Structure formats: C-alpha cells, structure tokens
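Residue numbers (the numbering used here): 61 to 368.
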C-alpha cells in the first residue's frame, strides 16, 4: 500500500477516537476549553478525510484533462483544511468570550478531563510525527497540513491540560475560557501558515530560495559545456516541482551534443530535487555577443551567421 494512503488512514482512525472521547468528556464537565478541543479534533478528522482523498487523487498519473498531473489537488485540500480551522476558531470564540465576561459555571470531573487531554496529546504527537515523516519523504502538502493540524492539537491539548490543573489548584473557573481563547490564537496561526504555503503553489509562486540555489549549483557544474542559461522558471504543484529554462550552447555543437548536455543537466536536477519535472530549451549562441563569457573552449566566431 502507498505509504501516503496508509498514514492518512491512521490519521482518520486516531482523530475519530479522540473526537468522540473529547466531546463526551467536555459535555460531562461543561468545559469550554475541552469542548473547544473536541471541535478542533473534529475538524482534524474532517481534514484527515480530505487529506486521504487528496493524496489518493494526486497519485494518479497525468491524463488528457490534467496533462501536468493531479498534484494541485493536495494544495486545494490544504486550503480547505485551513478554512476549516478558521471556522473552528470562530466557533470557539463564540462560546468562550461570553463566558469570559459573564462567568463560567462549575466544571466537573477535572481529573477525567486531565486524563483525556494527556492521552490526546500523546496520541497526536505519535501520529503527527508519522504524518510529517511521510510528508517530507513524499513532498505532500496535504499530509504536511494534516501533520501540522495534529501538532497544533498536541500543544493546545497540553495548554488545556495545564488550564484544568490550574482550575483544580485555584478553583478559578475563568481560566477555562481564557485557555479556549489561547487555543483559538494557536489555531489561527496554523490556518495562516497553511493558507500562505498552499496559495503560493496554487498561484505558481517560485520554489523556495534554497531550492533555486540548488538549481544554480547544478548548472554551475556544466558551465564549461554551455555559454550561459536564462529564463529560469520554477513552480510547485502538490508534491511535484516544475523547472524550465533556456541553455545557450556553442553554435558549433551538434544537435546530439546539445541533447546530451540537456539530458545530463536534467538528470542531475532530478537527483538534487526529487519529484521534479524538468524542461530545457537549447539555443545557439550569437557570436560575438556571447564569446566574451563563453567557457566552452570552442571558437564559434568563424561559424557565426553570414551577413546578408
């Protein structure tokens, strides 16, 4: 089974169990912070289902309708997940803010709440690590979004756990809506990061600076076989990178020599940046314009275009 599908299924199972547990305990306790965590986990479950469907779709090969593949299904999934997080944040604030000003009723079963939050944090830490590992290995934005959802859930669960402990020690129930609002701020930060990264891919933003530096380093290895390169363009669609550029070759080179050069550059780029689609256009130099910077060790001046 595809490791992306396998880990996405694990996320669905864990989130289903945690959502049910938090909801039951939150209703029993009458705690805004625990119920906010139940809402968060419920949206994590929905996000896990979306991630599962998107990675299954993005794994399909290019077809007549999607000739560049299906990678952007994962970016779309990450955007939907981020919007779901924003919806959860609004819901938590809707319940927490009035209780901050008008008081929080008595909270029951504090020990049970602490146990549920502790178990939730441990389970989500384990599953998020699994998701993040596979996301990094496969370059999957949908799995990375799901991993960050759960990683955020770990931190918020620990925050709620600390809040319940403080309520038990101090008896001040106002801590509960304050923790709920704190959870909301963390959720909104995660939503912003997910939207920013996924919208960059949807809008064909260039690859990160360090990845473009890797491309330049690969091209530098071949600088004695071409004159220069230009029109470098990069973008990402889901887990797939797309790179295209023009290479200026000595006009005295044969078509076969130019083709071999492009193949060598393409293979090295794919090795340096996995899951890359590389398109290289070769064009002849224009003596004497390119001769000054040429390192190919040939003399094209005599073979330049004839004057009309």
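Cβ coordinates follow ideal geometry from the N, Cα and C atoms, glycine included. In this text the structure is predicted, and so the values were computed from the model without any measurement.
In the three-state DSSP reduction, residue 300 falls in the strand class (E or B). By the beta-carbon neighbour count (other beta carbons within 10 angstroms, threshold 16), residue 307 is buried. Cβ atoms of residue 298 and residue 132 come within 8 Å of each other, at about 6 Å. The shortest CA-to-CA distance from residue 281 to any of 316, 344, 329, 86 is the one to 329. In the displayed model, residue 342 falls within a strand according to three-state DSSP.
Annotation: the continuous alpha helix (DSSP H) that includes residue 322 extends over 315–332. The criterion of a C-beta distance shorter than 9 Å is satisfied by residue 138 and residue 257. Assigned with DSSP and collapsed to three states, residue 289 falls in strand. For residue 64, the closest alpha carbon among the candidates 260, 130, 111 is that of 111.
Annotated as proximal: residue 119 and residue 62, with beta-carbon spacing under 9 Å.
Straight-line spacing of the CA atoms in residue 262 and residue 128 works out to 13 Å. Comparing alpha carbon positions, the residue from 331, 193, 239 closest to residue 225 is 239. In chain order, 133, 134, 137, 202 place their CB closer than 6 Å to the CB of residue 114, counting only its own chain and leaving out the 5 sequence neighbours on each side. With a beta-carbon spacing of about 14 Å, residue 194 and residue 74 fall beyond the 8 Å limit used to define contacts. Assignment of residue 336 by DSSP, reduced to helix, strand and coil, places it in the strand class. Residue pairing by DSSP puts residue 308 in a beta bridge opposite 288, 343. In the DSSP assignment, residue 269 falls within the unbroken alpha helix (DSSP H) covering 269–280. Per DSSP, the unbroken alpha helix (DSSP H) holding residue 82 starts and ends at 63–89. Taking the Cα of residue 187 as reference, the smallest distance to any Cα among 320, 70, 271 is reached at 70. With contacts defined as CB atoms closer than 9 Å, residue 303 and residue 292 qualify as a contacting pair. A check of alpha carbon separations from residue 267 across 343, 295, 178 identifies 295 as the nearest. In the assembly as shown, residue 237 is a buried residue. Its beta-carbon has 16 or more other beta-carbons within 10 Å.
Residue 295 carries a strand assignment under DSSP once its states are collapsed to helix, strand and coil.
Within the model, the alpha-carbon separation for residue 248 versus residue 209 is close to 11 Å.
By the C-beta density criterion, residue 141 is buried, having at least 16 other C-beta atoms within 10 angstroms. Here the C-alpha atom of residue 144 lies approximately 21 Å from the C-alpha atom of residue 181. The beta-carbon separation of residue 205 and residue 107, rounded to 7 Å, stays under the 8 Å limit for a contact. In this structure residue 290 is exposed. Its beta-carbon is surrounded by fewer than 16 other beta-carbon atoms within 10 angstroms. Taking the CA atoms as reference points, residue 275 sits about 50 Å from residue 157. When rounded, the separation of the alpha-carbon atoms in residue 117 and residue 254 is 20 Å.
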